[in-house]
Amino acid sequence: MFNDNPVVYGKIKVQSWKERRDFNIVKQDLDFSCGAASVATLLNNFYGQKLTEEEVLKKLDKEQMRASFEDTQRIMPDLGFEAKGYALSFEQLAQLKIPVIVYLKYRKDDHFSVLRGIDGNTVLLADPSLGHVSMSRAQFLDAWKTRGGNLAGKILAVVPKGADTGGDKAFFTRSPKRQTEFAVGQVKWRRAD
Numbered sequence: 001m002f003n004d005n006p007v008v009y010g011k012i013k014v015q016s017w018k019e020r021r022d023f024n025i026v027k028q029d030l031d032f033s034c035g036a037a038s039v040a041t042l043l044n045n046f047y048g049q050k051l052t053e054e055e056v057l058k059k060l061d062k063e064q065m066r067a068s069f070e071d072t073q074r075i076m077p078d079l080g081f082e083a084k085g086y087a088l089s090f091e092q093l094a095q096l097k098i099p100v101i102v103y104l105k106y107r108k109d110d111h112f113s114v115l116r117g118i119d120g121n122t123v124l125l126a127d128p129s130l131g132h133v134s135m136s137r138a139q140f141l142d143a144w145k146t147r148g149g150n151l152a153g154k155i156l157a158v159v160p161k162g163a164d165t166g167g168d169k170a171f172f173t174r175s176p177k178r179q180t181e182f183a184v185g186q187v188k189w190r191r192a193d
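UniProt numbering applies: residue 1 is where the sequence shown begins, and numbers increase by one.
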């Protein structure tokens, strides 16, 4: 019955590409709800809250209208947080140590997304429409530069009321990897065989 075959049988959880792409991201259900979904994604993943897009939309109280940074800032105290909008350069953005909501002009549409990783060359977003997205600096700047001058992009920084920023440090990284880096590694590994 038994042989010397060392094969072990068991169950391995397999995730689809879509599950991996959207893992821990509150996806937007409406064309105009990227701001609400970004707020929920940021607060849930970095600060341990349990919010839905619908709950944030109710607080925003903007029927059939897009929310602005100002609208989002207004509801934060009710959620136990403070928020403030800033115009930054890419170099300033790369110095951040917490995730923030970024304003993008994506395919000519206004869009909010969560910045969850950045270094000099790569930007990682938790996007309510696209899922986890890694971009080159140039790709990101094309969407993020919405103003003239040195302070070309806009963010909304969100922190808990009081001094403690806390947060799940695993959600934000200072050394994001491009998704293609894994594929290149796999090709090199297979060629070595």
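Idealized CB from N, CA, C, for every residue including glycine.
Task: Inter-residue CB distance, isoleucine 155 and valine 102 (contact presumed, cutoff 8 Å) - done: For the purposes of this step, residue 155 is taken as the residue at position 155 of the sequence shown. For the purposes of this step, residue 102 is taken as the residue at position 102 of the sequence shown. Sure, about 5 Å apart at Cβ, within 8 Å.
TODO: Assign valine 14 to one of two classes, buried (16 or more other C-beta atoms within 10 Å of its C-beta) or exposed (fewer than that).
DONE: Your numbering for residue 14 matches position 14 in the sequence shown. It counts as exposed.
Open item on the list: Just verifying my parser: in three-state terms, what is the DSSP assignment at phenylalanine 81?
Closed with: If you number the sequence shown from 1, residue 81 lands on position 81. The DSSP-derived three-state label of phenylalanine 81 is strand.
Task: Within 8 Å, strictly: CB atoms of alanine 37 and proline 128 - done: In the sequence shown, counting from the first residue as 1, residue 37 sits at position 37. In the sequence shown, counting from the first residue as 1, residue 128 sits at position 128. Yes, Cβ-Cβ distance for alanine 37 and proline 128 is below 8 Å.
Open item on the list: Quick check: the Cα distance between asparagine 121 and serine 89, rounded to an integer number of angstroms?
Closed with: Here residue 121 refers to the residue found at position 121 when the sequence shown is read from its first residue. Here residue 89 refers to the residue found at position 89 when the sequence shown is read from its first residue. Cα atoms of asparagine 121 and serine 89: separation of roughly 14 Å, rounded to the nearest angstrom.
Task: Three-way DSSP call (helix, strand, coil) for isoleucine 25 in this model - done: Locating residue 25 in the sequence shown gives position 25, counting from the first residue. Coil, per DSSP.
- [ ] Could you tell me if phenylalanine 23 is buried or exposed, where buried requires 16 or more neighbouring beta carbons within 10 angstroms of its beta carbon?
- [x] Taking the sequence shown and counting its residues from 1, the one referred to as residue 23 is at position 23. Exposed, by the Cβ-count rule.
Open item on the list: Which residues does DSSP list as the beta-bridge partners of tyrosine 106?
Closed with: Working through the sequence shown from its first residue, we reach residue 106 at position 106. Tyrosine 106 is bridged by DSSP to Asp109.
- [ ] Return the chain-ordered ranges of every beta strand (DSSP E) run that is complete within the UniProt domain "Peptidase C39" (28-151) and spans a minimum of 3 residues.
- [x] DSSP runs (the beta strand (DSSP E)) wholly in the UniProt domain "Peptidase C39" (28-151): 81-88, 100-106, 109-118, 122-127, 131-136.
Open item on the list: Taking 7 Å as the limit between beta carbons, can you name the residues of its chain near glutamine 28, skipping five residues before and five after?
Closed with: Here residue 28 refers to the residue found at position 28 of the sequence shown. Excluding sequence positions up to five before and after glutamine 28, its CB lies within less than 7 Å of the CB of Cys34, Ala37, Glu53, Pro128, Ser129, all in the same chain and listed in chain order.
TODO: Note down, in chain order, each residue of its chain lying with its Cβ closer than 7 Å to the Cβ of phenylalanine 171, except the 5 sequence neighbours on either side.
DONE: Residue numbering aside, residue 171 sits at position 171 when the sequence shown is read from its first letter. The beta carbon of phenylalanine 171 sits closer than 7 Å to the beta carbons of Asn45, Phe46, Pro99, Arg116 from its chain, once the five residues preceding and following it are set aside; these are given in chain order.
TODO: List the DSSP bridge partners of alanine 157.
DONE: Here residue 157 is taken as the residue at index 157 of the sequence shown, counted from 1. Bridge partners of alanine 157 according to DSSP: Lys84.
Task: Whether alanine 83 touches methionine 76 by CB criterion (8 Å) - done: For the purposes of this step, residue 83 is taken as residue 83 along the sequence shown, with counting starting at 1. For the purposes of this step, residue 76 is taken as residue 76 along the sequence shown, with counting starting at 1. Cβ atoms of alanine 83 and methionine 76: closer than 8 Å.
Task: Cβ-Cβ separation, alanine 87 to leucine 141 (assumed contact under 8 Å), whole Å - done: The count along the sequence shown starts at 1 and reaches residue 141 at position 141. The count along the sequence shown starts at 1 and reaches residue 87 at position 87. The beta-carbon separation of leucine 141 and alanine 87, rounded to 14 Å, does not stay under the 8 Å limit for a contact.
- [ ] Return the residue from the list Leu79, Glu63, Arg21, Ser134 that minimises the CA-CA distance to glycine 48.
- [x] Within the sequence shown, numbered from 1, the residue matching residue 48 stands at position 48. When only C-alpha atoms are compared, the closest one is Leu79.
Open item on the list: Please report the straight-line C-alpha distance between serine 136 and phenylalanine 81, rounded to a whole angstrom.
Closed with: Numbered from its first residue, the sequence shown carries residue 136 at position 136. Numbered from its first residue, the sequence shown carries residue 81 at position 81. Cα to Cα, serine 136 sits roughly 31 Å from phenylalanine 81.
Task: Nearest to lysine 18 (by Cα), restricted to the options Gly131, Gly167, Lys177, Met65 - done: Locating residue 18 in the sequence shown gives position 18, where the first residue counts as 1. Nearest option by C-alpha distance: Gly131.
TODO: For threonine 41, I'd like the list of residues in its chain whose CB is within less than 8 Å of its CB, leaving aside the five on either flank, ordered along the chain.
DONE: For the purposes of this step, residue 41 is taken as the residue at position 41 of the sequence shown. Around threonine 41: Asn24, Ile25, Val26, Val114, Ala126, Pro128.
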